[in-house]
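What follows is a short report on a single structure.
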Amino acid sequence: MRQALSAYPLVAVVALTGAVGGACALLGATDAARTVISVVCLALAVRLVVGMVHELRAGSYGVDLLAIIAIVSTVLVGEHWASLVICLMLTGGEALEDHAQNRAKRSLTALLDNAPTTATRILADSGPEQVPVEDIVPGDRIQVLPGELVGVDGTLLAGTSRIDESSLTGEPMPVLRRPGDQVMAGSVNGSAAIVMRADAGSADSQYQRIIAMVRSAQASRAPFVAMADRIAVPFTAVSLLIAALAWIISGDPGRFAAVLVVATPCPLIIAAPVAFMAGMNRAARAGIIVRDSGSLERLAEVRTAAFDKTGTLTCGEPAVTAVIPVEGREPDEVLAVAAAAEAMSTHPLARAVVAEAARRGLKVPHAEEAEQIVSSGVSARIGGRPVRVGGAAFAMGTGDFAGRDLQVAAGGAPDTHVHVWFDGSALGVIEVSDPVRPEAGATLEELSELGITDTLMLTGDAQLTAERVAGPLGITDVRAGLRPEDKLAAVAGALGPVMMVGDGVNDAPVLAAADIGVAMGAKGSAAAVESADVIIMEDDLLRVGAAVEIGRRTVSVARQAIGIGIGLSLALMIVGASGVMPPVIGAGAQELVDLTCILWALGSARPSRRPTRTVEIRPAEGTGTTAVAESGARTVTSGARADRRVGAPSGEWRPRNRDEERTPS
Numbered sequence: 001m002r003q004a005l006s007a008y009p010l011v012a013v014v015a016l017t018g019a020v021g022g023a024c025a026l027l028g029a030t031d032a033a034r035t036v037i038s039v040v041c042l043a044l045a046v047r048l049v050v051g052m053v054h055e056l057r058a059g060s061y062g063v064d065l066l067a068i069i070a071i072v073s074t075v076l077v078g079e080h081w082a083s084l085v086i087c088l089m090l091t092g093g094e095a096l097e098d099h100a101q102n103r104a105k106r107s108l109t110a111l112l113d114n115a116p117t118t119a120t121r122i123l124a125d126s127g128p129e130q131v132p133v134e135d136i137v138p139g140d141r142i143q144v145l146p147g148e149l150v151g152v153d154g155t156l157l158a159g160t161s162r163i164d165e166s167s168l169t170g171e172p173m174p175v176l177r178r179p180g181d182q183v184m185a186g187s188v189n190g191s192a193a194i195v196m197r198a199d200a201g202s203a204d205s206q207y208q209r210i211i212a213m214v215r216s217a218q219a220s221r222a223p224f225v226a227m228a229d230r231i232a233v234p235f236t237a238v239s240l241l242i243a244a245l246a247w248i249i250s251g252d253p254g255r256f257a258a259v260l261v262v263a264t265p266c267p268l269i270i271a272a273p274v275a276f277m278a279g280m281n282r283a284a285r286a287g288i289i290v291r292d293s294g295s296l297e298r299l300a301e302v303r304t305a306a307f308d309k310t311g312t313l314t315c316g317e318p319a320v321t322a323v324i325p326v327e328g329r330e331p332d333e334v335l336a337v338a339a340a341a342e343a344m345s346t347h348p349l350a351r352a353v354v355a356e357a358a359r360r361g362l363k364v365p366h367a368e369e370a371e372q373i374v375s376s377g378v379s380a381r382i383g384g385r386p387v388r389v390g391g392a393a394f395a396m397g398t399g400d401f402a403g404r405d406l407q408v409a410a411g412g413a414p415d416t417h418v419h420v421w422f423d424g425s426a427l428g429v430i431e432v433s434d435p436v437r438p439e440a441g442a443t444l445e446e447l448s449e450l451g452i453t454d455t456l457m458l459t460g461d462a463q464l465t466a467e468r469v470a471g472p473l474g475i476t477d478v479r480a481g482l483r484p485e486d487k488l489a490a491v492a493g494a495l496g497p498v499m500m501v502g503d504g505v506n507d508a509p510v511l512a513a514a515d516i517g518v519a520m521g522a523k524g525s526a527a528a529v530e531s532a533d534v535i536i537m538e539d540d541l542l543r544v545g546a547a548v549e550i551g552r553r554t555v556s557v558a559r560q561a562i563g564i565g566i567g568l569s570l571a572l573m574i575v576g577a578s579g580v581m582p583p584v585i586g587a588g589a590q591e592l593v594d595l596t597c598i599l600w601a602l603g604s605a606r607p608s609r610r611p612t613r614t615v616e617i618r619p620a621e622g623t624g625t626t627a628v629a630e631s632g633a634r635t636v637t638s639g640a641r642a643d644r645r646v647g648a649p650s651g652e653w654r655p656r657n658r659d660e661e662r663t664p665s
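Residue 29 in the UniProt record's numbering sits at position 29 of the sequence shown, with consecutive numbering throughout.
Rendered as structure tokens:
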């Protein structure tokens, strides 16, 4: 209690005045009680006048006029206790608003409080030393003990630990990180000590960029909030008119005071900022960082969604989607031979082949005399027999290569297929592509349910490649072969407001130019994050739909809170004008109106009642992970990649261990 009173001294002064006035009244000194209370209330009114003048000079509307007139009028008509209740309502309202704001921005504040300040740098000659995090430079080796904050973005070198990334991504469970994995600044190490290499300095870490966005968000005001302030001006005029008519018709100046004590525009002043801060807090809990309140409001107004392809709608990394053997061969044999040769290559397609062989648990033979030919493939020997893996022309050489038929069977562009030639004859073709994110379809459906039916794909890839991704997702407007300036023109010509979702350096200009730019921050470039209005911290496209839903719910709740406040205040003004409600009772009733509006505004921090959409990814072994967003009503299960055989009827070319099911949540 003592701490609360010291934090809000005006509340303490008003409460003490009430105690002194009550004691005087009990002792029969009613004139002394009236004098003490009136002097304190008029002094508070003077303070309000000074504050209102400062607000007007700053360009903000002075909506405290009603409160000032209410305090003065109740003192003049002898309703000093009502005047004291008004003062308590105003000072207590400020304290209540401050408490509500702090509660609403709890997750945002946690990000600021968890900012790392020190790190343990490992030196070759003197061992570990603790230094300010600002002294860390890229390439430094960093030791992170159990329970410590990670100081900078980096790559795990030694140790395996479960890292708590909840304050960054909204993921409640610690994530297992192994050597080679990326570790983010601001996350908390688990129970094992780890050693990592700093990939960026403190100022360049993604966490520090988020900190800057959070500070901007806390200081921002949405255009909707400014609109609420403007509503307070006509509300003030209507209130004064009702009060004046009540006085003129009744001839009782007390009616004027009785109307004004219930006409303070606190719901208009408080409800909208609290609702927007609560909405931003809810977004932060879900791993969605919103740059400012205006961005949250624009999310609610989005009519068109534009997407980059690679890394946004797709996983951004090549993966084996099918293995097509020639007659008499098995898919695993083709894959094992290819992986043996490709193990010597650093090409992304080679890494995909090797990773798929490892995933299947294949026994890969040892390759000798491996040689990587730039832009062609890899040649090697297995057990003394030659093998070539790569593009069609390279694999064919000058001899007869049955892979031409495989090419036709696989379909599509030649550069998406890895041809395998072994000991003088074709062995098969491995189909490699950048797979569509398993949650991409559910995300597009979610946006459609939210009323965003205009969707675009903007990509620099070839038209055929782009259409293969867009077709199954239901994106009909596909713009391929675009340069960054072409993407800008496409967004400028779309039906606005436009939301652009991307992750790459080349997406930065269009993210900045769109009405609302959304960056996939988990793997996205620093340029994309800097340019965006919204950052999705987890590598989960479903949260794009969640961000739009949060924006729409926030604006809706803010409107509802303002409507409730205005409606209740008008009703109380009519009751006050009738003379059946004493001013002191009316002042207390207005405090209940303020409390109701604040509690309603905090509702934007709670999830909506719409069903949850879940996307589950199951590998062939039957294990998997689940990504959940706060919306939708569908479960999608995608399983292992396909093995296909040349000559099989098209109806038999079905992926193994793959199904898609729809179930109500």
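Glycine included, each C-beta is placed from N, C-alpha and C at the ideal position. On a predicted model such as this, the values are computed, not experimentally measured, just so you know.
What is the DSSP secondary structure of residue i, reduced to helix, strand or coil?
{"i": "G411", "result": "In this prediction, G411 has a pLDDT of 42, which is less than 50 and means its spatial position is unreliable; nothing more can be read from the coordinates."}
{"i": "V302", "result": "coil"}
{"i": "R121", "result": "strand"}
{"i": "E621", "result": "Here E621 scores only 34 on pLDDT, less than 50, and its place in the model should not be relied on; the value that follows carries that caveat. E621 falls in the coil class under three-state DSSP."}
{"i": "G603", "result": "helix"}
{"i": "R234", "result": "The amino acid at residue 234 is misidentified as Arg; the sequence shows Pro. If DSSP states are grouped into helix, strand and coil, P234 belongs with the helices."}
{"i": "L157", "result": "strand"}
{"i": "L464", "result": "helix"}
{"i": "R285", "result": "helix"}
{"i": "M499", "result": "strand"}
{"i": "R197", "result": "strand"}
{"i": "A127", "result": "Position check: residue 127 holds Gly in this sequence, whereas Ala was assumed. Reduced to three states, the DSSP call for G127 is strand."}
{"i": "R291", "result": "coil"}
{"i": "P377", "result": "Per the sequence shown, residue 377 should be read as Gly rather than Pro. Strand at G377."}
{"i": "V262", "result": "coil"}
{"i": "A491", "result": "Per the sequence shown, the amino acid found at residue 491 is Val instead of Ala. Reduced to three states, the DSSP call for V491 is helix."}
{"i": "V17", "result": "According to the sequence provided, residue 17 is Thr. The question's Val does not apply to it. In the structure shown, T17 sits in a helix (DSSP, three-state: H, G or I)."}
{"i": "D308", "result": "coil"}
{"i": "I382", "result": "strand"}
{"i": "T476", "result": "coil"}
{"i": "A370", "result": "strand"}
{"i": "P9", "result": "helix"}
{"i": "V183", "result": "strand"}
{"i": "R483", "result": "coil"}
{"i": "G279", "result": "helix"}
{"i": "S345", "result": "coil"}
{"i": "V529", "result": "helix"}
In the DSSP assignment, find the beta strand (DSSP E) that holds residue i and state where it starts and stops.
{"i": "L458", "result": "D454 to L458"}
{"i": "S578", "result": "It is not in any beta strand (DSSP E) - S578 instead sits in the alpha helix (DSSP H) that spans L542 to S578."}
{"i": "L176", "result": "V175 to R177"}
{"i": "D507", "result": "D507 -> no beta strand (DSSP E), and no H or E assigned at all."}
Output yes if chain D places a C-beta closer than 9 Å to the C-beta of residue i; else output no.
{"i": "T476", "result": "Annotation note: the requested chain D is absent from the structure, which comprises a single protein chain."}
Between which two residues does the alpha helix (DSSP H) carrying residue i extend?
{"i": "S448", "result": "A440 to E449"}
{"i": "V354", "result": "P348 to R359"}
{"i": "E79", "result": "Per DSSP, E79 belongs to no alpha helix (DSSP H) and is neither H nor E."}
{"i": "D332", "result": "P331 to E342"}
Just list the residues that DSSP pairs residue i with in beta bridges.
{"i": "F422", "result": "V387 and S425"}
{"i": "E431", "result": "A322 and H417"}
{"i": "V188", "result": "L149 and D164"}
{"i": "residue 670", "result": "Only positions 1 to 665 of the chain appear in this structure, which leaves residue 670 out of reach."}
{"i": "I585", "result": "None; I585 has no bridge partner."}
{"i": "R141", "result": "I122 and R197"}
{"i": "I270", "result": "Answer is none; I270 lacks a bridge partner."}
{"i": "T314", "result": "V436"}
{"i": "P132", "result": "T118"}
Any contact of the stretch 295-309 with the stretch 559-574, i.e. 3+ C-beta pairs under 8 Å?
-> no
Mind listing, in chain order, the continuous alpha helix (DSSP H) runs of no fewer than 4 residues lying wholly within the stretch 22-75?
-> 30-57
So does the stretch 530-548 actually touch the stretch 234-247, counting three or more Cβ pairs closer than 8 Å?
-> no
Stretch-stretch touch, CB-based, cutoff 8 Å, three pairs: the stretch 420-438 with the stretch 332-343 = yes
Counting Cβ pairs closer than 8 Å, one from the stretch 460-479 and one from the stretch 339-352, do we hit at least three?
-> no
Contact the stretch 318-331 vs the stretch 346-364: 3+ CB pairs below 8 Å = yes
Would you check if there are 3 or more beta carbon pairs closer than 8 Å linking the stretch 275-285 to the stretch 440-458?
-> no
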